[in-house]
Structure formats: C-alpha cells, structure tokens
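Just below is one structure, and these are the notes that go with it.
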Amino acid sequence: MSATRSPDLAEEHVLCTACHSAASNSDLLPTLKKGTENFRSYASLSELKLSSLSGCHLCSLLFGVLRGSDIGSGSVQVNLFVSRSGGAWLKVGILDPGETREKIMGELSVFRNLEGRLDNPPEPASPFMFPDPSIYRNARLSKSLSHDVSAALAREWLRQCVTSHKDCALAANLATPNHGYPTRLIQVTGDENLNLRLVLTENFSKSKPPYLTLSHCWGAAKILRLLLDNLADFQHQIPFNQLPPTFREAARVTRQLGHTHIWINSLCIIQDSKADWRDESKIMGDIYANSVCTISALTALSSVQGCFAEKSPDGKETTPRNPLAFRICHLPHGLHERILGPRTVYYGAWGLAWECVECLATESKPWGEVGRFSPKADFLRECFRAPSSSSSGGDSSTALFSAWRAVRAAYTGCQLTYFDDRLVAVSSLIQRIERLTSWKNLWGMWEDKLLDELLWFTDAPSDRPHTREYLAPTWSWAGLEGRVFEEMALMPRVGPSGEDLLPEWIGKVVETGMDEKGRGYVRLRGAVKRVVRRRDGSGGGLVDRDRGGDHAVASWAADTVEDSKRPLGIITGQQEGLCCLLLARNADENPDQVLDLGLVIRQNASGEAVRIGRFWQARGDIRPLFPAEIRESDKEDVLVI
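What follows is the structure in structure tokens.
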C-alpha cells in the first residue's frame with residue numbers, strides 16, 4: 001500500500017499536450033547542444049494560467065515566473081537556450097502588441113533528469129548534511145512557504161549553521177550584546193494563534209535573549225507603525241490582524257525557527273520621534289549583526305505582499321537558474337542587513353534560500369556550496385581577521401580594504417529610491433571598519449588611504465543628482481551615480497626577479513576639512529599641467545595647453561555626462577582652467593608600460609577646483625604631459641572641493 005501523500009506537497013511530471021509536444025519536438029533538448037530555439041508561446045497570461053490550473057507542471061513553473069507581474073495584453077514567449085557547457089534554461093518573455101522583441105521576465109533551469117539534481121549525493125565536506133533526505137525533498141514540493149515542510153528545511157539550515165559553522169560563529173562574535181543590542185524587541189508567543197507585544201530590553205533581568213531580524217522593502221503602503229501615541233499599547237499587545245502580511249508571516253517564521261523575539265524596524269523604532277530614530281539608526285548595523293538570523297522577504301515589493309509566496313496556483317515549484325545569483329542592489333533597502341547579519345534565510349517566489357559566511361544553499365542544492373563571490377563572506381571573514389593586523393596596514397587590513405571595495409563596487413550599481421541615502425546605506429559597514437582599525441572615513445573615502453581612494457572611477461559618465469542637503473565633495477564617489485571601481489593599475493606587482501613593484505606616489509594629501517560653507521575639501525600637492533581638449537575633438541583626449549604642434553594625447557574619462565559632452569578649451573576658444581593633477585605612477589618592469597595617473601580638475605578664478613574626471617597616459621608616449629623626473633619645486637597646492 002502506498003503512503004498517503006501530504007496535501008501540502010505538489011505533484012510532479014504532469015505536462016499538457018502543448019508542453020509535451022514542445023519537449024518532444026525540440027532539436028536541442030535530446031543532446032543539449034549549444035543553440036537557441038522558440039520553445040512555445042501563449043496568446044496571453046490568461047491562457048498560461050488556465051493551463052497551469054489544469055495541472056501542467058511546466059505551465060505552472062512558467063506562471064510562477066510571471067506571478068505578480070503586470071503584463072497587459074502581451075503574449076507570453078518561451079525560448080530555450082543551451083550554452084556551450086551544456087547548461088540549459090527557458091527564458092520567459094512578454095511580447096507586447098506591435099513590438100518585435102519581447103521583454104524578458106525571468107528564467108527556469110532545464111534538467112534532463114528532474115530528480116537528478118536532488119539525488120546527486122553531496123560532497124563529504126558539504127556545509128550541510130541531511131541524514132533524512134525528505135527534509136529537502138518535501139520542501140521543494142511544498143505548496144506554500146508557510147507550510148511546516150518548508151519551515152523544517154529553514155530550521156535545519158539554521159540549526160546546523162549555529163552548531164557547526166566555525167566562520168559563522170566567528171562572524172557572530174564580532175558583535176557583542178553590550179554594543180548595538182536593540183532598545184526594543186517584539187515578543188512572539190503561541191503557535192497557531194500568535195500573540196505579539198513590544199518589550200523593552202532594559203527590563204531583561206538576566207541574559208538578553210537571542211532574536212531574529214526582518215529585512216524587507218517598505219514600499220509605499222501605509223502600515224501599522226510604532227508611534228509615541230501607541231507605545232504604551234504595543235507593550236501590552238500589538239494587534240496582529242492589523243499588521244501587513246510581511247510582518248505577520250515574519251512572526252510566524254520566528255516561531256517556526258524556534259525563537260520568541262524578532263526586531264522589525266517600523267515596530268521597534270518610534271517612527272515619529274527624531275531622537276529615537278537618531279539613536280537607533282546609529283546602531284542599525286549592529287542590530288542585524290547581533291541577530292541570530294535575518295528573515296528576508298526578497299521578492300516582496302512592499303510590506304503588504306508578504307513572505308509566503310505560493311509557488312504557483314496549484315502548488316508546483318518554481319526554480320530559477322540560480323535564486324541566490326542576485327546582486328546587492330536587489331536589496332537596496334538592506335545592504336547592512338545582508339552584509340553584517342551572519343545568517344540570512346530568503347523567502348521568494350522561487351522558494352527558500354540560505355546565505356551565511358560559509359555557504360549558499362537553495363532548495364535545489366540544500367547541502368550548500370561555497371559562493372564564488374559572496375560579499376557577506378568576504379567582508380565578515382576579513383573583519384574577524386582584521387584585529388590581528390596592525391592598524392597601519394598589515395596583510396589583514398589590506399584584505400579588509402579590498403573587501404570593502406568589493407562591497408562598494410556591488411552596492412554602487414544600485415538605483416536608490418532616494419539618492420540622499422547614498423552614504424546612509426553604507427554607514428554601518430563604515431562604522432564596523434572604523435571600530436576594527438584606526439582608519440577615519442571622509443565622505444565615504446578612507447583618509448588613511450586617500451591618495452589611492454581619489455583615483456576611483458565609474459563604468460561610464462553618470463550624473464550628480466540634486467539632493468536636499470549637501471551630500472559629498474566632487475572628489476568623493478558618494479555624490480555621483482554609477483558603479484564605482486578602484487584603479488587596478490596601482491595594485492602591487494611582482495618583478496622579473498620576484499621583487500615587489502610598488503607604485504610611485506607623486507601627489508601628497510596636505511590637509512582635509514570643511515570650509516565655512518560646510519563643503520568637504522582636500523588640499524593636494526602634486527604636479528599640475530594646464531590642458532585643453534584635443535583640437536579635432538576625436539577621442540576626447542587632453543593635450544598640454546602651452547605646447548604647439550604635434551604632441552601626445554592623455555586619455556581621460558569624465559565623471560558626468562555633462563562634462564563628457566561639454567566643449568572645453570580649444571574647441572570653444574576659451575580657457576576654463578582645465579588641469580591634470582598627477583598623483584601616481586604605476587609599477588611595471590617595462591618602462592614604456594608605466595602609466596601616469598591622476599585627476600582632471602577645473603579651477604575657477606578664486607583658486608578652488610572641482611574634480612571632473614581622471615586621466616592616464618603611458619610613459620612610452622613620444623611627448624608625455626609630465627617629465628620623467630618630478631622635482632618638489634615643480635609641484636603646487638590645489639584645493640579640491
């Protein structure tokens with residue numbers, strides 16, 4: 001007699017006639033040879049939904065990709081892609097009436113053996129081990145993330161991580177309850193009928209209890225919040241049914257994971273008290289760092305959408321190519337939440353996923369795998385190594401600086417809702433580094449490494465958005481949109497005999513500070529050359545303003561779109577005080593490959609300068625802007641604001 005199947009679990013391997021025909025007639029699926037083909041299409045989303053409700057497993061997966069999307073009257077196009085390595089996936093797109101190209105909405109992996117990806121045994125050293133495979137098998141087939149079969153997998157991930165992952169324990173110990181423990185928590189009691197109330201942590205007579213945190217997108221919805229008027233009432237009871245779905249479900253997850261306390265921003269910080277906001281925001285990063293685990297409602301666009309996405313109308317699972325292959329900018333509301341929290345369990349339309357310092361895990365790969373690029377792991381590992389390094393810059397502090405730059409590069413690719421928050425979002429990470437080192441941060445730049453920091457650049461000219469208040473000087477990346485990168489040419493290199501080749505720093509930071517207008521400035525001393533744009537305007541190169549005839553061109557990249565298009569110097573017949581300020585020369589065993597590197601600045605009549613870009617020029621050019629030997633008498637001071 002077969003065992004009774006749980007009603008919480010979905011059926012597999014049922015295909016409608018059209019999907020069965022598409023799979024049978026595919027030229028690529030039998031061999032998974034490299035190529036692209038149109039797999040199938042639907043006249044409308046309604047047609048796809050109807051087929052999904054009729055029981056087709058594949059249609060259900062495809063509908064899960066589009067769940068919650070507003071696609072209008074467009075048709076649904078499904079194309080099969082196979083890579084050279086044999087990886088295959090279905091791209092789901094919407095083709096609007098009158099258009100010739102569809103808009104890609106999501107992807108699904110394709111496996112020849114649907115179950116093979118689950119039953120392939122994990123490596124002996126896998127981060128998670130499952131003596132009972134039904135824990136992850138049932139989670140994959142769970143109709144809803146609210147069901148106990150999903151909670152069992154999340155609970156097992158958390159249990160094994162807390163008890164067995166050494167690096168995760170080290171990361172958790174970076175934060176101490178004596179610093180950054182929240183002023184208030186939400187106590188969650190009960191199982192079926194949950195009771196919530198606000199508790200003041202100063203009243204804990206014994207040890208402070210462990211707690212979870214919630215990471216979510218607030219959205220524009222008006223929700224129940226902690227205010228001065230309801231502060232006393234909340235300490236008696238928080239009306240559960242008046243909370244948005246995300247909060248109710250986060251409370252349920254708290255109990256499912258075996259805990260009784262959770263911190264939720266809008267319910268634990270008094271929203272109409274500037275003083276409380278100021279005090280709690282100072283320790284925001286530590287609140288997440290102190291938590292046992294963060295619950296992330298990854299695909300909820302607001303508090304009213306909830307954590308517990310139904311996997312599809314009939315409970316079929318939806319598995320994208322890689323649920324955890326999202327960038328930091330997919331969490332613009334929670335950079336410190338993802339980076340500083342030692343553990344995160346993600347709830348999304350595709351199911352459950354896990355991230356900690358040691359590994360990433362999904363329902364498809366529940367035993368976990370070490371991430372090739374995990375900002376959380378890289379940053380936290382360097383944080384707990386940093387105290388063993390001297391603050392003046394040992395190997396560990398250098399690695400921490402590199403980890404910071406990796407996080408910054410990922411974060412600055414975000415599109416923030418409020419650009420004024422450009423520095424606020426990274427303030428907790430900055431505070432963590434300041435506590436671990438003696439470094440001082442100025443407008444997002446590390447003063448101890450300021451010359452190196454000044455040579456940042458963006459992937460393309462961008463904009464300096466107008467902000468309500470002064471945000472940052474022009475020499476800081478913080479005031480500019482766009483992904484920020486470091487100057488790789490200045491990385492130390494190994495010479496032909498194994499010796500270290502270090503960059504030569506021509507420039508010097510004389511002083512930093514704020515002027516009477518509250519603007520940040522840096523006074524630099526270095527070699528300066530007055531330049532103009534090349535006469536023919538081709539390539540945007542810069543040439544020495546005082547030289548005539550044929551002379552070498554220095555390459556440059558403007559920070560802003562406006563400056564990249566602005567006619568400068570010779571083109572207009574005007575001199576605008578455009579200068580190249582030489583800061584460094586990279587190291588290379590071939591003298592012709594040595595680069596001059598520095599800032600492009602525009603000076604005004606009062607002697608103030610603003611950064612408008614960076615320049616570089618090979619020393620092998622026939623007539624470089626700067627001579628081989630730079631004497632101290634050749635240098636001058638420049639104030640950049």
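Take 1 as the starting number for the sequence shown in full-length UniProt numbering and just add one per residue. Don't be surprised by glycine CBs; every beta carbon is placed ideally from N, CA and C.
Find out if the Cβ-Cβ distance for the pair residue i, residue j is shorter than 7 Å.
i           : j           : result
residue 154 : residue 352 : yes
residue 624 : residue 617 : yes
residue 458 : residue 482 : yes
residue 509 : residue 578 : no
residue 542 : residue 531 : yes
residue 240 : residue 196 : yes
residue 285 : residue 336 : yes
residue 484 : residue 456 : yes
residue 15  : residue 58  : yes
residue 528 : residue 636 : yes
residue 46  : residue 52  : no
residue 37  : residue 29  : no
residue 386 : residue 436 : yes
Let me make sure I understand the geometry here. Which of the options has the alpha-carbon closest to that of residue i?
i           : options            : result
residue 656 : 474, 25, 182, 356  : Lying before the first or after the last residue shown, residue 656 is absent from the chain, which here runs from 1 to 641.
residue 289 : 505, 448, 214, 194 : 214
residue 223 : 266, 90, 195, 255  : 266
residue 101 : 108, 92, 107, 109  : 92
residue 444 : 463, 461, 409      : 409
residue 63  : 44, 216, 49, 273   : 49
residue 169 : 359, 97, 342       : 342
residue 191 : 185, 456, 228, 248 : 248
residue 611 : 635, 634, 582      : 582
residue 460 : 515, 564, 365      : 564
residue 406 : 180, 243, 375      : 375
residue 210 : 243, 287, 196      : 287
residue 89  : 442, 362, 200, 65  : 65
residue 558 : 598, 590, 593      : 598
residue 76  : 43, 428, 108       : 43
residue 453 : 491, 122, 418      : 491
residue 421 : 181, 431, 471      : 471
residue 255 : 97, 237, 151       : 151
residue 602 : 592, 580, 591      : 580
residue 229 : 590, 547, 270, 104 : 270
residue 236 : 385, 138, 198, 216 : 198
What is the residue span of the beta strand (DSSP E) that residue i lies within?
i           : result
residue 578 : 578-585
residue 20  : Per DSSP, residue 20 belongs to no beta strand (DSSP E); it is in the alpha helix (DSSP H), 17-24.
residue 347 : 343-348
residue 598 : 595-603
residue 188 : 184-189
residue 59  : Note, residue 59: premise wrong, no beta strand (DSSP E); alpha helix (DSSP H) at 57-66.
residue 88  : 88-95
residue 198 : 195-200
residue 635 : 635-640
residue 168 : It is not in any beta strand (DSSP E) - residue 168 instead sits in the alpha helix (DSSP H) that spans 166-173.
residue 214 : 212-215
residue 73  : Segment: none, residue 73 is in no beta strand (DSSP E) and carries neither H nor E.
What are the partner residues of residue i, as DSSP defines its beta bridges?
i           : result
residue 508 : 525
residue 38  : 79
residue 616 : 555, 597
residue 532 : 543
residue 609 : 603, 640
residue 296 : 215, 346
residue 441 : 446
residue 514 : 520
List the whole-angstrom C-beta distance separating residue i from residue j, where the pair is believed to meet the contact cut-off of C-beta under 8 Å.
i           : j           : result
residue 504 : residue 584 : 7 Å
residue 160 : residue 260 : At roughly 21 Å, the Cβ-Cβ gap does not stay under 8 Å, so residue 160 and residue 260 are not in contact.
residue 638 : residue 605 : Wrong, their Cβ atoms sit about 14 Å apart, outside the cutoff.
residue 212 : residue 291 : 6 Å
residue 279 : residue 227 : Not really, about 16 Å apart at Cβ, beyond 8 Å.
Tell me which residue opens and which closes the alpha helix (DSSP H) that residue i is part of.
i           : result
residue 262 : Looking at the DSSP string, residue 262 is not in any alpha helix (DSSP H); the run it does join, the beta strand (DSSP E), is 261-263.
residue 254 : 245-256
residue 363 : Per DSSP, residue 363 belongs to no alpha helix (DSSP H) and is neither H nor E.
residue 354 : Residue 354 -> not in any alpha helix (DSSP H); beta strand (DSSP E) instead, spanning 351-356.
residue 383 : 375-385
residue 109 : Not the alpha helix (DSSP H): residue 109 falls in the beta strand (DSSP E), residues 103-110.
residue 359 : Counting along the chain, residue 359 falls outside any alpha helix (DSSP H), and DSSP gives it neither H nor E.
residue 270 : Per DSSP, residue 270 belongs to no alpha helix (DSSP H) and is neither H nor E.
residue 51  : 45-53
residue 565 : 561-565
residue 27  : Run containing residue 27: none; DSSP gives neither H nor E here.
residue 234 : 231-236
So, does the CB of residue i fall closer than 7 Å to a CB anywhere in chain E?
i           : result
residue 408 : You won't find chain E in this structure, because it holds only one protein chain.
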